[in-house]
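Working notes, structure below.
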Amino acid sequence: MRIETAVNLRAWNTFGLPAIAQTLIHIDEEADVRRVVDHPEFGRAPKFVLGGGSNIVLARDVSAVVLKVAIGGIRLLETRGDAFIVEAGAGVPWHELVAWTIEQGLPGLENLALIPGTVGAAPVQNIGAYGLELQDRFESLDGVDLVTGRGFTLDGRLCRFGYRDSVFKHELAGKSVITRVRLRLPRPWRPELGYLDLQRRIEETGLAAPDARQIFDWVCQIRRAKLPDPAVIGNAGSFFKNPVVTPEQCRDIIARDPHVVHYPMDDGSFKLAAGWLIDACGWKGKTVGGAGVYEKQALVLVNRGDARGAEVITLARAIQESVYGRFGIRLEPEPVVVG
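Counting in the UniProt record's numbering, the sequence shown runs from 1 upward without gaps.
Shown next, in the form of C-alpha cells:
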C-alpha cells in the first residue's frame, strides 16, 4: 500500500481535468483494501474509488481518500462444457483483457473492444457497445466492504445490472471496492452482428460469417473513426445515455422529426440515439470555455486543452436544456461527477 499526498489527478482521468487529491492510496492487492479499512487515519474517512478514470468528471478537488485500484492478473479460471470462465484483476485495462481473450482463442468479448477504463469499473457501469453488454458475459465478482473490511462475492442478480447501471451506483456506491471480475464466454461461440455498423462492414467486405478476430478488428476500426483517443484529446467517451422512451413518445417525436434515429427494445420501448438528438440541436463542434462537443460525434464532450470540470458541467447542462426544449427528452449523463 503506497500513500501519496496532494496529488494532481489530471493524469489519472481521461478527460484530463485538474483536481487535487489530498490523499491517494495505491491498491495493488486485495489486502491493501483491508489495510486502508484498518488504518487509524483513513479507515473511517470517506473514500473515492478510482479505476482508469474514464467515466468521471472532476468538478473540484477531492477531499475523500482516493483509492487507485491497480490489481492485475488475467487467467483462464475454468473450462466448462458450455463456457470458458476468465478472471481478471480490477486494475487491468479493459481493452487489454479483450485483446488477451482474442489472442488465447477465447471469443465472446470482441464487441466490447477498445472501451476505455478498467476491468473493475466495467460492472459499475455495465459497459456495453455494438449489441453487447457486460451483463451478457458476466459470471461473478469479488470485492471488499470499505466499512467492515470483509470480502464478498456477487453474481449478476445481486449486481442488479441495468442500462449503464448497477448496484455499485446505488446501495454500494462509495462503500466497496471491486477486486476481481469473472466473465463467462459461451461455448459454442455465436457472433453478435445485429448492430448497424457491423452489418455495414459485412456488406462492404462480403464476409457473411466473420470470426471473433475479424469482429474485434472491425469494432476497433469503427470506434477509432468515431471517437477521439483520450491520449490525444481528453474525453470520457459517450457523455450521455441513449434515452429510452415509450412507443407513444417515440411516435410523437417521429411525427415532429421523422429522421430521428431510434431502435426497438425487447420490452416494446424504443431507444433514441442521444448523439443524433444533440447534433440535431446544433451542438456538434460548439465550445464553452475549454470544453467542447467533438466534431465527429456529438455524443462525446472533449477537453480542448485547458478545460476545467465546471466548464464541462456547464456545457453538459446547456445541451440537456437544448434537447429537452426541442424534443421533451431529458438526457442523463453517463460519467460520475465528482465534487
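All C-beta atoms in this analysis are idealised placements derived from N, C-alpha and C, irrespective of residue type, glycine included. Quick caveat, the model's predicted, so the values are computed rather than measured.
- The criterion of a C-beta distance shorter than 8 angstroms is satisfied by GLY290 and ARG308.
- For ILE202, the enclosing alpha helix (DSSP H) covers residues 196 to 205.
- The Cβ atoms of GLY91 and GLY72 sit closer than 8 angstroms to each other.
- Closest by C-alpha distance to MET1, out of LEU299, LYS175, ALA45 and LYS68, is LYS68.
- Taking every protein chain shown into account, the CB of VAL147 has fewer than 16 other CB atoms within 10 angstroms, so this residue is exposed.
- For GLY194 and GLN125, the gap between their C-alpha atoms comes out near 22 angstroms.
- Going by beta carbons, LEU141 and ILE178 fall inside the 8 angstroms limit.
- Three or more Cβ pairs drawn from the region 104 to 118 and the region 171 to 191 lie within less than 8 angstroms of each other, which places the two stretches in contact.
- The beta carbon of ASP38 sits closer than 7 angstroms to the beta carbons of GLY149 from its chain, once the five residues preceding and following it are set aside; these are given in chain order.
- DSSP places GLN22 in the uninterrupted beta strand (DSSP E) bounded by 20 to 27.
- Between THR14 and PRO123, the gap from beta carbon to beta carbon reaches 8 angstroms or more.
- Measuring C-alpha to C-alpha distances from LYS271 to each of THR153, GLY131, ASN303 and ARG200 identifies GLY131 as the nearest.
- The residues PHE15, GLY16 and ASN303, in chain order, have a CB closer than 6 angstroms to that of GLY234 in the same chain once the five nearest residues on each side in sequence are set aside.
- In this structure, SER322 places its C-beta atom within 8 angstroms of the C-beta atom of TRP283.
- Between VAL49 and PHE42, the C-beta gap is not smaller than 8 angstroms, which leaves the two residues out of contact.
- The C-alpha of PHE138 is placed about 17 angstroms away from the C-alpha of PRO191.
- Residue environment analysis places LEU196 among the exposed positions, since fewer than 16 neighbouring C-beta atoms fall within 10 angstroms of its C-beta.
- Here DSSP, grouped into helix, strand and coil, assigns ARG182 to strand.
- Straight through space, the alpha carbons of ALA113 and TRP94 are spaced by roughly 8 angstroms.
- At least 8 angstroms separates the beta-carbon of GLU332 from that of SER238.
- For the pair ALA59 and VAL338, the CB atoms are nearer than the 8 angstroms cut-off.
- With 16 or more other Cβ atoms inside 10 Å of its own Cβ, ILE102 counts as buried.
- Cα atoms of GLU30 and TRP218: separation of roughly 36 angstroms, rounded to the nearest angstrom.
- ALA83 is bridged by DSSP to PRO186.
- Put simply, of ALA83, ASP82 and LEU134 the residue whose alpha carbon is nearest the alpha carbon of LEU97 is LEU134.
- Non-local beta-carbon contacts of ILE202 in its own chain, meaning distances under 8 angstroms to residues more than five positions away in sequence, involve LEU193, ALA208 and PRO210 in chain order.
- Taking all protein chains in view, the Cβ of VAL300 is crowded by 16 or more other Cβ atoms within 10 Å, so the residue is classified as buried.
- Assignment of ILE3 by DSSP, reduced to helix, strand and coil, places it in the strand class.
- The Cβ-Cβ distance between ALA310 and ASP279 does not fall below 8 angstroms.
- In terms of CA proximity to ILE319, PHE240 leads the group PHE240, GLN249 and ARG224.
- DSSP places VAL66 in the uninterrupted beta strand (DSSP E) bounded by 65 to 69.
- With a threshold of 16 other beta carbon atoms within 10 Å, GLU248 falls short and is exposed.
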